[in-house]
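Enquirer:
Protein chains in written order, with this note's numbering: chain A, 316 to 534; chain B, 234 to 378.
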């Protein structure tokens, strides 16, 4: 059982004190053993990080585990991080690698009772192989799509069914709200390459959304 | 023709951008922060694991082990000890036949202080190297809880 253990650390500042400071101040304080500062860092980044993971993995339990492991890794790397650099690219890079490990493990997982491994549907089932899309698809999406009651499910499904190389860039942009320069830093490529990948991903998303919408309309 | 080439991508939001602008953020689990803290600060381990004292201790112990081993070897070479060790290894029946005599002879020829130093530094190498590889936070995941 996981419990929220109380923090008894000497000279511990309150969360309110740490939360009001900048990220580099929190990083410096956390490095000195200030538990409240570390907690403030976790709270500062956890929503964006969790949203990125949940959209990439399509499943919230694995996403929570990845987010937790990422912050534990942050704690053990506090002494090696440069407080002049933004923490977010480092965190997203670690989370991304861990998500890709989870996806790899799912691919090699034994076939379950529903005929496929848990999580990301197999490309054949979802029709999500890159070859199944027309990358030049620029036709506008049907207007009624935005009015659908199950829009959130459709959007989540559309991202999670993309090939990981495209899902990660879409999740960073739409779920974690990262700029292209941040995405480039996370994916360790230049900004132009990040934009190219995102625009290709959008073409796949467009086709995927149309496919999902049509699929659900069939009686 | 002096028209500049169009930028490769238009950053103006299109219908896909507008649709995904409606994507609602998912709330992180309420216990996520608690889980992280339980695996880090609440474990009582230092935020920054200081490895260099263990590294220095390991290197110091290794140096002591090498020096003590060399001195033991040199002592054996200058005394009759090396011949005795060779004889024991060459004929195991010496040890099985009269183990007390063999051990007494070895104890007489071997400098006990150096032997203690060799064994002590070997133990120190194992202990400090063990610390070097084991000191890091181990996360407890949902499955391992």
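Each residue gets a CB set at the ideal place from its N, CA and C atoms; glycine is no exception. A quick note: this is a predicted structure, and the numbers were derived from the prediction, not measured.
Is the beta carbon of residue 307/B less than 8 angstroms from the beta carbon of residue 354/B?
Expert: no
Enquirer: Check residue 412/A in the structure and name its three-state DSSP category.
Expert: helix
Enquirer: State the Cα-Cα distance for the pair residue 371/A and residue 300/B, rounded to the nearest angstrom.
Expert: 56 angstroms
Enquirer: Counting only C-beta atoms, is residue 354/A closer than 8 angstroms to chain B at any point?
Expert: Taking a beta-carbon distance threshold of 8 angstroms, residue 354/A counts as an interface residue toward chain B.
Enquirer: Do the CB positions of residue 278/A and residue 345/A come within less than 8 angstroms of each other?
Expert: For residue 278/A there is no data in the structure shown, the boundaries of chain A being 316 and 534.
Enquirer: Is the Cβ-Cβ distance between residue 343/A and residue 384/A less than 8 angstroms?
Expert: Going by C-beta atoms, residue 343/A is not nearer than 8 angstroms to residue 384/A.
Enquirer: Compare the beta carbon distance of residue 407/A and residue 474/A with 8 angstroms and say whether it is the shorter of the two.
Expert: no
Enquirer: Count the other CB atoms within 10 Å of the CB of residue 303/B; is the residue buried (16 or more) or exposed (fewer)?
Expert: exposed
Enquirer: Does the CB of residue 369/A have a neighbour CB from chain B at under 8 angstroms?
Expert: yes
Enquirer: Whole alpha helix (DSSP H) runs in the region 345-397 of chain A with 4 or more residues, listed along the chain?
Expert: 350-372, 375-392
Enquirer: Check residue 245/B in the structure and name its three-state DSSP category.
Expert: Looking at residue 245/B - three-state DSSP - the assignment turns out to be coil, as it is neither helix nor strand.
Enquirer: In angstroms, rounded to a whole number, what distance separates the CA positions of residue 481/A and residue 411/A?
Expert: 12 angstroms
Enquirer: Quick one: what does DSSP say residue 337/A is sitting in, helix, strand or coil?
Expert: coil
Enquirer: Could you tell me whether any Cβ in chain A is nearer than 8 angstroms to the Cβ of residue 328/B?
Expert: Put simply, the CB of residue 328/B is far from chain A, with every gap to its CB atoms at 8 angstroms or more.
Enquirer: Which class does residue 463/A belong to by DSSP, given the choice of helix, strand or coil?
Expert: coil
Enquirer: Less than 8 angstroms between CB atoms is the rule here; does residue 442/A satisfy it with respect to chain B?
Expert: For residue 442/A, the pLDDT reaches just 36, beneath the cut-off of 50, and the residue's location in the model is therefore unreliable, leaving the point undetermined.
Enquirer: Going by other Cβ atoms of all chains shown within 10 Å of its Cβ, with 16 needed for buried, is residue 316/B buried or exposed?
Expert: exposed
Enquirer: Find the nearest neighbour of residue 253/B within the set 527/A, 394/A, 517/A, judged by alpha-carbon distance.
Expert: Measuring from the Cα of residue 253/B, the nearest candidate turns out to be 517/A.
Enquirer: Report, in whole angstroms, the separation of the C-beta atoms of residue 414/A and residue 381/A, which I expect to be a contact under 8 angstroms.
Expert: 6 angstroms
Enquirer: Along chain B, which residues have their Cβ under 7 angstroms away from the Cβ of residue 521/A?
Expert: The contacting residues are 249.
Enquirer: List, in order along the chain, the chain B residues whose C-beta lies closer than 8 angstroms to that of residue 412/A?
Expert: Residues of chain B passing the Cβ test: none, with the nearest at roughly 15 angstroms.
Enquirer: How about residue 506/A and residue 495/A: do their beta carbons lie closer than 8 angstroms?
Expert: yes
Enquirer: Ignore the nearest five residues each way along the sequence and tell me which others in residue 539/A's own chain have a CB closer than 7 angstroms to its CB.
Expert: The shown model of chain A, from 316 to 534, leaves out residue 539/A, and the question about it has no answer.
Enquirer: Is residue 261/B close to chain A? Criterion is C-beta to C-beta, closer than 8 angstroms.
Expert: Yes, because at least one Cβ of chain A sits closer than 8 angstroms to the Cβ of residue 261/B.
Enquirer: Assuming contact is defined by CB atoms lying nearer than 8 angstroms, are residue 497/A and residue 379/A in contact in what I supplied?
Expert: no
Enquirer: For chain A, find out if any of its Cβ atoms is closer than 8 angstroms to the Cβ of residue 246/B; answer yes or no.
Expert: no
Enquirer: Can residue 249/B and residue 477/A be called in contact, C-beta distance under 8 angstroms?
Expert: no
Enquirer: Where does residue 334/B sit, in a helix, a strand or coil, going by DSSP?
Expert: helix
Enquirer: According to DSSP, is residue 257/B part of a helix, a strand, or is it coil?
Expert: coil
Enquirer: Do residue 266/B and residue 472/A have their CB atoms nearer than 8 angstroms?
Expert: no
Enquirer: Would a check of beta-carbon distances place residue 417/A closer than 8 angstroms to chain B?
Expert: no
Enquirer: Can you check which of these residues, 419/A, 366/A, 336/A, 503/A, is closest to residue 485/A by C-alpha distance?
Expert: 366/A
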